[in-house]
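So for the sequence shown, this note's numbering puts the first residue at 129; every next one is plus one. First comes the structure, then the notes that go with it.
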Amino acid sequence: MLKLMNELGIHSILRKKRHGKHGKTSHIAPNLLNRDFTATALNQKWGTDVTEFHVGQEKLYFSPLMDLANREIIAYNFATRPKFSLVKKRLE
């Protein structure tokens with residue numbers, strides 16, 4: 129492949145690897161479920177997470193609240209910063 133690319137004068141663009149900046153963790157919740165994500169009844173166990181999306185030049189953070197019995201999304205929030213208040217606000 130490289131030989132053919134050289135004959136045609138085609139060169140690939142090499143990009144530098146980006147390494148994310150690791151900031152200080154502001155809040156770590158206790159591990160109450162002990163990795164047991166099964167539930168036998170609705171509203172018995174809920175789970176949440178924060179996912180980062182790149183939208184244009186901005187970052188957007190999505191945090192759903194899921195019922196682990198039927199995997200239904202109960203509520204969700206979007207924010208421009210990944211703060212603990214993003215999760216806390218839904219639980220109140």
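All C-beta atoms, glycine included, are put in the ideal place defined by N, C-alpha and C. These numbers were taken from a predicted model, which means no experiment stands behind them.
Sequence-distant residues of the same chain with beta carbon closer than 6 Å to residue i, five excluded per side
i: G175; result: M194, L196
Sequence-distant residues of its chain with Cβ nearer than 7 Å to residue i (five each side left out)
i: N198; result: L170
i: Y204; result: F190, S191, P192, L193
Pair within 7 Å by beta-carbon distance, residue i and residue j
i: I201; j: P210; result: no
i: F206; j: H155; result: no
i: K187; j: E180; result: yes
According to DSSP, residues forming a beta bridge with residue i
i: P192; result: Y204
i: F212; result: Beta-bridge pairing links F212 to no other residue.
i: H182; result: K187
is_contact[residue i, chain D] using C-beta, thresh 7 Å
i: K211; result: Considering every chain present, this structure includes no chain D. It has just one protein chain.
Close-in-space but distant-in-sequence residues of the same chain around residue i (CB under 8 Å, 5 per side omitted)
i: V178; result: Y189, F190, S191, P210, L214, V215
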